[in-house]
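Undergrad:
2 protein chains.
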Amino acid sequence: MNDLHRLPSLNALKAFVAVAEQGSISMAAQQLHVTHGAVSRQIKLLEEELNTSLLEKQGRGIKLTDAGQQLYQNCQPAFRTIAESCQQLRQQQQEKPLVLACSGSLLARWLIPRLPPLQQALPDLPLQLVTSADDERPQQQADLSLSFMNNPVADELLIPLEQERIGPVLATALAQQLDLDSNKAIPQLPLLHTLSRPQAWPDWARHNGIPPDSLHMGQGFPHLSYLLEAVLAGLGIGIAPEQLIRADLEQGRLLAPWGFVSTDAWLCVQIHNISQRQRIEKLTGLLATLS
Amino acid sequence: MNDLHRLPSLNALKAFVAVAEQGSISMAAQQLHVTHGAVSRQIKLLEEELNTSLLEKQGRGIKLTDAGQQLYQNCQPAFRTIAESCQQLRQQQQEKPLVLACSGSLLARWLIPRLPPLQQALPDLPLQLVTSADDERPQQQADLSLSFMNNPVADELLIPLEQERIGPVLATALAQQLDLDSNKAIPQLPLLHTLSRPQAWPDWARHNGIPPDSLHMGQGFPHLSYLLEAVLAGLGIGIAPEQLIRADLEQGRLLAPWGFVSTDAWLCVQIHNISQRQRIEKLTGLLATLS
DNA sequence: TCATTCATGTGAGAAATAATAACAGATGGC
DNA sequence: GCCATCTGTTATTATTTCTCACATGAATGA
C-alpha cells in the first residue's frame, strides 16, 4: 500500500516544478496561466507542508535552496512521466477509429454522400461505419449511432440534426403512366410500405386530411432500403423521408408530386461512448452544417 | 520546457491510483479519507479529461480497462517517487539540529537548567545552542532566538514566555556586612550595572518611588553575565531579572531583599526560520510549561 | 541620490473545485 | 425474494484556489 495520503498538495508541487524550471515565479505563473500571486501562495503552502524552505531570494528573483534542488530533481521526472503517460493515452484515443452505426438506407443515402466533405474537413478522424438493420436498436459497441427517433427528449447524449419530412414518392417512369392531377390519385394505387414504420402512411394521410382507412395498402418490405428499390423499379408508390431521396429527386429518378410533411421524428446522433464525446461533437457539428 | 499545463487534474489522478491499488472505489475512498462519491466523481472527471474510460464494472465492483492498466502502471511509480522524495525531505528536516541563539547569561542561567527535562520530553529533538552577546541582535543563521524584548508586539513569529521581573541583588556575604533595614540602604551603595541595559536601575527606582538621580552608579559591565559574576564576588549591588538568578537565590548565594518589579519586557522566543515553525512551537510550548 | 522598473509577498473577496449526504440502481449470496 | 455490498448521481455545503490591488525590496539608470 502506497502512502498516497502523505503526499503534499500535488498542485502546489506542480507549481513548484514550474517555478524550478522557469527559475522565476512570474514566468511559472505565465506558463500555468495563473497570476504570480497564486503561484507564490502555492509555494508557501508547499513549504509549510514540507517544513522546508524551497526558494530563497536572490537579487530581484529567486533561486532554489538545496532542499528545493533535491525536490525538483526527484519530482521533475515524475511529472514528466505522468504528463507523457496521459498524453500517450489521449493519442491512442485519437487514433482509435470512431465507430458509427446506422441503418443501411441512412448509410447509403444520407451519410455516404456527406463523406467526401467530411473527410476533407476532418482528415485525421478515422471513421468506421457499421450498419444495423432499420428496426434494430443501434449496436452497443458503436461509439455513436445515427437514426430517426420519435419525439427525442432533451439529452446531452442525443443530438438532433434535422426534423424528418416524409412524403409519397414514385418512379418517374411510373408517374408518366398515371394521371397525376391531385391528391386523389393516392388512394387508387398500391401503397408500398415498410414493416419498421407501419404508421408512415396513416400519419401522412392525417396530415393531408385524407381518411387513413381509405388507403389501399400494397406490398410491405422489411426495411426502407428494399422499399426504395421497389419504388425505383416502378412497383408502386412508396413513402420515405425527404432526406434519403433528395439525390434521386434531383437526378429525376423519383418524383414526389404530393410534397412532404414534417413528422415528430428527428434525425439524431446518439452518443454511446461518452469518452469519445469530444470527437463525436466535432463530427456532429460538421454533419449539421452539411445537412 | 515541460508541458505542465497538459497534465490532468493531479488529485483526480491520485484518486485513480488509489482505486487501482485497492481495486475498489470504496476502499480507495477510505484510504483517502473521503466518501466514495467524491472518488467516483474524480474518476469521472479524469476519464473526461483523458477522453478514455479507465474503469469498467465487474460484478459488484470495478476493474481497470486496458487504458486504466496502462495509466496505472505508468503513474504509480511516479507517485511513489514523489511521496518518497517528500518524505525524505521531511526526514532530513527532522534530523537537522534546531539552532537556538541566546545571550550567555540566558543560556547559562535560564536555558541550561531546563535542558534535562527538555531532552527528556523531546529526546529526538537535536538542539544546537549558540550564544550572541547580550546587546547583539539574534543571529541570522539561528532558527530561533531567546531574549528579553521590550513591549513585544503581537506577532505569530514572536512568542512571549514570561514577563521580566527585575530587582537589586547582592551576595549573601556582602549583605551580612551591610545594615539592610529598608530601601534606604540602596542609594548609599555602589550600584553595578550593564551597558546593555542602562535603564534598569532608573526603571526600578521609579517603580519604587525613589528619585533616579539619587542613585550612586558604580561599576558598569559589558554584559549581564559579567555583572552577575561581580555581584557574586561581593563587589556591590547589581540589578538582574529574577528569572536568571532564581537558582542563586534558592541556593543562598544571592539575596534580593528589595524584591522584584515587573517591567515592560518579556522573555520571548522569536522564530527566524519559518520552515522550522512546527518544531519550534513544540519546543516553545514545552519551555512555557517549565517556566 | 532618487525615481523607475521588475520581481515577489500579502490580504480580502470572488470564483472554482471538491466533499458530503442521501438516495438510486445493480449484483451476488442466502 | 431479500439483504448486504458496491457504484453512480444530484443538490447542497465546504474548502481551496485564484484574482486584484497594493506593498515591499532590489537592481537600473539618470
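Chains as they are written, first to last, in my numbering: chain A, 1 to 291; chain B, 1001 to 1291. Think of the CB as a built atom: it goes at the ideal place given N, C-alpha and C, for glycine as much as any other residue.
In angstroms, rounded to a whole number, what distance separates the CA positions of glutamine 219(A) and leucine 232(A)?
TA: Whole-angstrom Cα-Cα distance: 14 angstroms.
Undergrad: By the DSSP assignment, the alpha helix (DSSP H) with histidine 1036(B) in it spans what residues?
TA: 1036–1050
Undergrad: Among Lys14(A), Thr35(A), Glu164(A), Ile62(A), which residue has its Cα nearest to the Cα of glutamine 76(A)?
TA: Minimum Cα distance to glutamine 76(A) is reached at Lys14(A).
Undergrad: For glutamate 1047(B), which residues in chain A fall below 7 angstroms Cβ to Cβ?
TA: Ser275
Undergrad: Is leucine 1197(B) buried or exposed, if buried means 16 or more other CB atoms sit within 10 Å of its CB?
TA: According to the sequence as given, residue 1197(B) is arginine; it is not leucine. Here arginine 1197(B) is buried. Its C-beta has 16 or more other C-beta atoms within 10 Å.
Undergrad: Which residues of the region 1236–1264 of chain B have a Cβ closer than 9 angstroms to any Cβ of chain A? Give them in chain order.
TA: none
Undergrad: Quickly, what does DSSP pair glycine 1238(B) with across the bridge? List them, please.
TA: Val1169(B)
Undergrad: Mind checking who asparagine 150(A) pairs with in its DSSP beta bridge?
TA: Ala265(A)
Undergrad: Kindly give me the distance between the Cβ atoms of leucine 1244(B) and leucine 1106(B), rounded to whole angstroms, as I take these residues to be in contact under 8 angstroms.
TA: 7 angstroms
Undergrad: Would the region 189–206 of chain A count as touching the region 152–161 of chain A if we require 3 or more Cβ pairs under 8 angstroms?
TA: no
Undergrad: State yes or no: is the beta carbon of serine 85(A) nearer than 7 angstroms to at least one beta carbon in chain B?
TA: yes
Undergrad: Thinking C-beta only, is leucine 215(A) closer than 7 angstroms to tryptophan 201(A)?
TA: yes
Undergrad: Might you give, ordered along the chain, the residues of its own chain that have their beta carbon closer than 7 angstroms to the beta carbon of arginine 1006(B), omitting 5 neighbours on each side?
TA: Excluding positions up to five away in sequence, the list is empty.
Undergrad: Is it buried or exposed for arginine 1060(B), if we count other Cβ within 10 angstroms and need 16 for buried?
TA: exposed
Undergrad: Which same chain residues end up closer than 8 angstroms to alanine 171(A) when comparing Cβ atoms and leaving out the 5 residues on each side of it in sequence?
TA: Excluding residues within five positions, the ones whose Cβ falls inside 8 angstroms are Val231, Leu232, Ala233, Gly234, Arg253, Leu254, Leu255.
Undergrad: Can you give me the start and stop residues for the beta strand (DSSP E) that alanine 1101(B) sits inside?
TA: 1098–1102
Undergrad: Let me make sure I understand the geometry here. Which of Asp124(A), Glu229(A), Gln188(A) has the alpha-carbon closest to that of isoleucine 210(A)?
TA: Gln188(A)
Undergrad: Let me check understanding here. Comparing Cα to Cα, which of Phe1079(B), Ser1147(B), Ala1083(B), Thr1035(B) lies closest to serine 85(A)?
TA: Phe1079(B)
Undergrad: Along chain B, in chain order, which residues have C-beta atoms closer than 7 angstroms to that of histidine 33(A)?
TA: His1005
Undergrad: Can you tell me whether glutamate 1136(B) is helix, strand or coil according to DSSP?
TA: Because glutamate 1136(B) carries a pLDDT of 48, less than 50, the predicted location of this residue cannot be relied on, and no value is offered for it.
Undergrad: Which of the residues in the region 1069–1100 of chain B, read from start to end, lie with their CB under 9 angstroms from any CB of chain A?
TA: Gln1070, Leu1071, Gln1073, Asn1074, Cys1075, Gln1076, Pro1077, Ala1078, Phe1079, Arg1080, Thr1081, Ile1082, Ala1083, Glu1084, Ser1085, Cys1086, Gln1087, Gln1088, Leu1089, Arg1090, Gln1092, Gln1093, Gln1094
Undergrad: Alanine 1029(B) and threonine 1035(B) look like a contact to me (Cβ under 8 angstroms); what is the Cβ gap, rounded to whole Å?
TA: Beta-carbon to beta-carbon, alanine 1029(B) and threonine 1035(B) are separated by about 6 angstroms, close enough to satisfy the 8 angstroms threshold.
Undergrad: What does leucine 125(A) reach in chain B if we use C-beta pairs closer than 7 angstroms?
TA: Correct list: empty, because the minimum Cβ distance to chain B is about 13 angstroms.
Undergrad: Where does asparagine 1183(B) fall in DSSP's three states?
TA: Note that asparagine 1183(B) scores 49 on pLDDT, short of 50, meaning its location in the model is unreliable and no value can be drawn from it.
Undergrad: How about leucine 1286(B): is its C-beta nearer than 7 angstroms to some C-beta of chain A?
TA: no
Undergrad: What does the Cβ neighbour count give for valine 153(A), buried or exposed, with the cut at 16 atoms within 10 Å?
TA: When all chains shown are included, valine 153(A) counts as exposed.
Undergrad: Quick one: is serine 1053(B) near chain A, going by C-beta distance under 7 angstroms?
TA: yes
Undergrad: When the Cα of phenylalanine 1221(B) is compared with those of Leu1100(B), Asn1208(B), Gly1236(B), Pro1212(B), which residue comes out closest?
TA: Gly1236(B)
Undergrad: Just mark glutamate 1056(B) as buried or exposed, buried being the case when its beta carbon has 16 or more other beta carbons within 10 Å.
TA: exposed
Undergrad: State yes or no: is the C-beta of histidine 272(A) within less than 7 angstroms of the C-beta of aspartate 155(A)?
TA: no
Undergrad: Is the CB-CB distance between threonine 263(A) and isoleucine 166(A) below 7 angstroms?
TA: yes
Undergrad: For the beta strand (DSSP E) containing glycine 218(A), list its first residue and its last residue.
TA: 217–221
Undergrad: For a test of the three-state rule: what should DSSP assign to glutamate 1156(B), helix, strand or coil?
TA: coil
Undergrad: DSSP beta-bridge partners for glycine 1061(B)?
TA: Gln1058(B)
Undergrad: Confirm, please, whether the CB-CB distance from tryptophan 266(A) to aspartate 163(A) is below 7 angstroms.
TA: Checking the sequence shown, residue 163(A) turns out to be glutamine, not aspartate. If you check the CB distance, glutamine 163(A) and tryptophan 266(A) come in under 7 angstroms.
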